[in-house]
Amino acid sequence: MSPRTEKAYCGWTRRFILFHDRRHPAELGEQHVSDFLSHLATEGRVSASTQNQAAAALLFLYREVIGRDLRAFDEVVRARRPVHLPTVLSRAEVAAVLSHLHSALWLMASLLYGGGLRLTECASLRVKDVDVARREIVIRRGKGKKDRVTMLPLALVVPLTEHLAARWSQHQADLRAGLGRVELPEALARKYPEAPVDWGWQWLFAADRHYTDRVTGERRRHHTHQTVLQRAVRRAALDAGLAKHVSCHTLRHSFATHLLEAGYDIRTIQELLGHNDVNTTMIYTHVLNRGGRGVQSPLDHLAAAVPPPQHQLSSYTASPNRIAPTPPQADPGKYMGRPALAQPPPKRKGPR
Numbered sequence: 000m001s002p003r004t005e006k007a008y009c010g011w012t013r014r015f016i017l018f019h020d021r022r023h024p025a026e027l028g029e030q031h032v033s034d035f036l037s038h039l040a041t042e043g044r045v046s047a048s049t050q051n052q053a054a055a056a057l058l059f060l061y062r063e064v065i066g067r068d069l070r071a072f073d074e075v076v077r078a079r080r081p082v083h084l085p086t087v088l089s090r091a092e093v094a095a096v097l098s099h100l101h102s103a104l105w106l107m108a109s110l111l112y113g114g115g116l117r118l119t120e121c122a123s124l125r126v127k128d129v130d131v132a133r134r135e136i137v138i139r140r141g142k143g144k145k146d147r148v149t150m151l152p153l154a155l156v157v158p159l160t161e162h163l164a165a166r167w168s169q170h171q172a173d174l175r176a177g178l179g180r181v182e183l184p185e186a187l188a189r190k191y192p193e194a195p196v197d198w199g200w201q202w203l204f205a206a207d208r209h210y211t212d213r214v215t216g217e218r219r220r221h222h223t224h225q226t227v228l229q230r231a232v233r234r235a236a237l238d239a240g241l242a243k244h245v246s247c248h249t250l251r252h253s254f255a256t257h258l259l260e261a262g263y264d265i266r267t268i269q270e271l272l273g274h275n276d277v278n279t280t281m282i283y284t285h286v287l288n289r290g291g292r293g294v295q296s297p298l299d300h301l302a303a304a305v306p307p308p309q310h311q312l313s314s315y316t317a318s319p320n321r322i323a324p325t326p327p328q329a330d331p332g333k334y335m336g337r338p339a340l341a342q343p344p345p346k347r348k349g350p351r
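In terms of numbering that gives the first Met the number 0, the sequence shown opens at residue 0 and continues consecutively.
Structure representation (structure tokens):
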């Protein structure tokens, strides 16, 4: 599993042990697991995804570490995750956010929107994963440990080429200083001893400072941390004056939605995003700017054939609390498109 998953599982195991007064998990059972997860939901008020992550950690603890399979474990711990529509920016809003970013952070955010990358996928790009000539980006070991290929926007060819030249100079300076090594996945460093200093394995977006690896003791340069880009994107959205909650993943949502608006096939967008199920991609059809579920209202077709009344917007008041049109005072008969009466009708006398 990834280091982030390992850290999360250890954290939930620690919290589970502390919750039950430091008792060993081998002494606990289904009811203790259920009590802990119920406490998270009722007292901690955690989300369903957080509760499910805790359940996965305890499931791994009992099955893989302790070697015990709790009965009806899945029925006890699983919580239903609510379905939320993603936040999507318009093209003008995306441009406004990007205009408040600079240098490498602007390039990273542009890749999130231009290629539909996830935050971690963008931060962990290697030099060899970018093919400028073919305008392709290869995502290695993405979500679900799957590889996929997405496009490199034409507008980023020149900025990315300049960035690669700057990274090459930085890497050469590290090599002259006796540094320049990077972390490699799995056991590739033992299989290829020279690979950690190879140019192709270097991070595309490297951090400014070096760190010391806890296991090997080597001085390395890690990639730009995800939180650096997260904070920059949020600050850029605030500086752009956007009222929406904008995150790095919002740029990926906007990428998919804008491709759908342009008429691209849903299966093609599914492959670019790396979704297992097309139903996951179909969520973006619900947020198209043509109304609910991407369906055009029949009133729009009617308005094209029958012109609206002549009063237009001048009949509406400027008050935000008033949504009904105000009839014109001079000629009330023309309101709602009816012809004006020459004189009011005579009043009826006697019983109706």
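Note that CB positions come from ideal geometry on N, CA and C, so glycine has one too. None of the values given here were measured: they were computed from a predicted structure.
- Between the segment 132 to 140 and the segment 250 to 267, do at least 3 Cβ pairs fall closer than 8 Å? no
- Unbroken stretches of the alpha helix (DSSP H), 4 residues or longer, contained in the segment 228 to 264: 247 to 260
- Alpha carbon to alpha carbon, how far is G143 from Q52? Counting from one through the sequence shown, the residue named residue 143 turns up at place 144. Counting from one through the sequence shown, the residue named residue 52 turns up at place 53. Their backbone Cα atoms lie some 16 Å apart in a straight line.
- Message: Using CA atoms only, rank isn't needed, just tell me which of T249, R220, P297, D197 is closest to V87.
- Response: The sequence position of residue 87 within the sequence shown is 88, counting from 1. Selected option, being the one with the closest Cα: T249.
- Where does T223 fall in DSSP's three states? As a first step, residue 223 is located in the sequence shown; it is residue number 224 there, counting from the start. Reduced to three states, the DSSP call for T223 is coil.
- When the distance is taken between beta carbons, is D173 closer than 8 Å to R220? Here residue 220 refers to the residue found at position 221 of the sequence shown. Here residue 173 refers to the residue found at position 174 of the sequence shown. The answer is yes: Cβ separation under 8 Å.
- Residues that M150 bridges to, as DSSP identifies them: Here residue 150 corresponds to residue number 151 of the sequence shown, with the count starting at 1. For M150, which the question treats as bridged, DSSP gives the partners E135.
- Got a sec, what are the start and stop residues for the alpha helix (DSSP H) A194 sits in? For this step, residue 194 is matched to residue 195 along the sequence shown. From DSSP, A194 is part of no alpha helix (DSSP H); its letter is neither H nor E.
- Message: With H, G and I counted as helix, E and B as strand and the rest as coil, what does DSSP make of R14?
- Response: Numbered from 1 along the sequence shown, position 15 holds the residue referred to as residue 14. Three-state DSSP puts R14 in a helix.
- Task: Give the straight-line distance between the Cα atoms of T316 and R44, rounded to the nearest whole angstrom.
- Result: Taking the sequence shown and counting its residues from 1, one reaches residue 316 at position 317. Taking the sequence shown and counting its residues from 1, one reaches residue 44 at position 45. Since pLDDT at T316 reaches only 44, below the 50 mark, its modelled position is unreliable, and the value read off the structure follows with that caveat. Cα to Cα, the separation comes out at about 44 Å.
- Message: Just to confirm the assignment, what range does the alpha helix (DSSP H) spanning R90 have?
- Response: Counting from one through the sequence shown, the residue named residue 90 turns up at place 91. Counting along the chain, the alpha helix (DSSP H) containing R90 begins and ends at 90 to 97.
- Item | Residue nearest to A205 in terms of C-alpha spacing, selected from L84, R251, E193, C121 | Translated into the one-based positions of the sequence shown, residue 205 becomes position 206. With distances taken between Cα atoms, A205 lies closest to C121.
- Item | Nearest residue (CA-CA) to T119, options L203, L39, Y191, I16 | Position 120 of the sequence shown, counted from the first residue, corresponds to residue 119. Comparing Cα-Cα distances from T119 to each of L203, L39, Y191, I16, the minimum goes to L203.
- Query: What did DSSP end up calling A206 once you bin it into helix, strand or coil?
  - Reply: Here residue 206 refers to the residue found at position 207 when the sequence shown is read from its first residue. Three-state DSSP puts A206 in a strand.
- Note down the Cα distance separating F35 from I265, rounded to an integer number of angstroms. By one-based count along the sequence shown, residue 35 stands at place 36. By one-based count along the sequence shown, residue 265 stands at place 266. One C-alpha to the other measures close to 41 Å.
- Measure the CB-CB distance between T160 and L116 and report whether it falls below 8 Å. Working through the sequence shown from its first residue, we reach residue 160 at position 161. Working through the sequence shown from its first residue, we reach residue 116 at position 117. Taking a C-beta distance under 8 Å as the contact criterion, T160 and L116 do not qualify as a contact pair.
- Message: Which residue wins for smallest C-alpha separation from L151, given the options Q171, Y112, S168, A188?
- Response: Sequence index remark: in the sequence shown, residue 151 carries index 152 (1-based). For L151, the nearest C-alpha among the options comes from Y112.
- Message: Rounding to the nearest angstrom, what Cα-Cα distance links S1 and P297 in this structure?
- Response: Locating residue 1 in the sequence shown gives position 2, counting from the first residue. Locating residue 297 in the sequence shown gives position 298, counting from the first residue. Using only the alpha carbons, I get a separation of about 50 Å.
- Query: Touching or not, the segment 57 to 67 and the segment 214 to 231, by the rule of three or more beta carbon pairs under 8 Å?
  - Reply: At 8 Å Cβ cutoff, the stretches do not touch.
- Would the beta-carbon of L228 fall within 8 Å of that of M107? Position 229 of the sequence shown, counted from the start, is the residue given in the question as residue 228. Position 108 of the sequence shown, counted from the start, is the residue given in the question as residue 107. Their beta carbons are under 8 Å apart, which means L228 touches M107 by this criterion.
- Just how far apart, CA to CA, sit V181 and K127? Here residue 181 refers to the residue found at position 182 of the sequence shown. Here residue 127 refers to the residue found at position 128 of the sequence shown. Cα-Cα distance, rounded: 14 Å.
- Message: Between A231 and L100, how many whole angstroms is the CB-CB distance? I'm expecting something under 8 Å.
- Response: The residue given as residue 231 occupies position 232 in the sequence shown. The residue given as residue 100 occupies position 101 in the sequence shown. Right, their Cβ atoms sit about 6 Å apart.
- Query: According to DSSP, is S1 helix, strand or coil?
  - Reply: To locate residue 1, count along the sequence shown from 1; it is residue 2. In the structure shown, S1 sits in coil (DSSP, three-state: anything other than H, G, I, E or B).
- Message: What would DSSP say about D20, mapped onto helix, strand or coil?
- Response: As a working mapping, residue 20 is identified with position 21 in the sequence shown. Looking at D20 - three-state DSSP - the assignment turns out to be coil, as it is neither helix nor strand.
- Query: Helix, strand or coil: how does DSSP classify V181 here?
  - Reply: The residue given as residue 181 occupies position 182 in the sequence shown. Looking at V181 - three-state DSSP - the assignment turns out to be coil, as it is neither helix nor strand.
- Determine the direct distance from the alpha carbon of E5 to that of F18, and round the result to whole angstroms. Here residue 18 refers to the residue found at position 19 when the sequence shown is read from its first residue. Here residue 5 refers to the residue found at position 6 when the sequence shown is read from its first residue. The straight-line gap from Cα to Cα measures roughly 20 Å.
- Query: With distances taken between CB atoms, is the gap from T12 to L58 smaller than 8 Å?
  - Reply: Residue 12 sits at position 13 when you count from the first residue of the sequence shown. Residue 58 sits at position 59 when you count from the first residue of the sequence shown. No.
- Query: Given a threshold of 16 other Cβ atoms within 10 Å of its Cβ, counted over all protein chains shown, does Y263 qualify as buried or as exposed?
  - Reply: Looking up residue 263 in the sequence shown gives position 264. Exposed, since its Cβ has fewer than 16 Cβ neighbours within 10 Å.
- Message: Per the DSSP calculation, T211 is bridged to which residue(s)?
- Response: Your numbering for residue 211 matches position 212 in the sequence shown. Partner(s): R218.
- Message: So, at 8 Å on beta carbons, what are the nonlocal neighbours of A103 in its own chain, with the 5 sequence-adjacent residues on each side left out?
- Response: For this step, residue 103 is matched to residue 104 along the sequence shown. Closer than 8 Å at Cβ, skipping near neighbours: H162, F204, T223.
- Just curious, the alpha helix (DSSP H) that V157 is in, first and last residue? Taking the sequence shown and counting its residues from 1, the one referred to as residue 157 is at position 158. Residues 156 to 175.
- Task: Within the same chain, show all residues whose beta-carbon is closer than 7 Å to that of A176, passing over the 5 residues directly before and after it, in chain order.
- Result: Here residue 176 is taken as the residue at index 177 of the sequence shown, counted from 1. For A176, where only same-chain residues beyond five positions count, there are no Cβ hits under 7 Å.
- Item | Cα-Cα separation, D20 to S246 | For the purposes of this step, residue 20 is taken as the residue at position 21 of the sequence shown. For the purposes of this step, residue 246 is taken as the residue at position 247 of the sequence shown. Approximately 39 Å between the Cα atoms of the pair.
- Item | Cβ shell of L272 (< 7 Å), same chain only, five flanking positions each side left out | Translated into the one-based positions of the sequence shown, residue 272 becomes position 273. G115, A255, T280.
- Query: Applying the criterion that 16 or more other CB atoms from any shown protein chain within 10 Å of the CB defines a buried residue, is W200 buried or exposed?
  - Reply: As a working mapping, residue 200 is identified with position 201 in the sequence shown. Around the Cβ of W200, a 10 Å sphere holds 16 or more other Cβ atoms; the residue is buried.
- Item | Spatially closest choice to D212 from L183, E92, W198, by CA coordinates | Your numbering for residue 212 matches position 213 in the sequence shown. The shortest C-alpha separation from D212 is found at L183.
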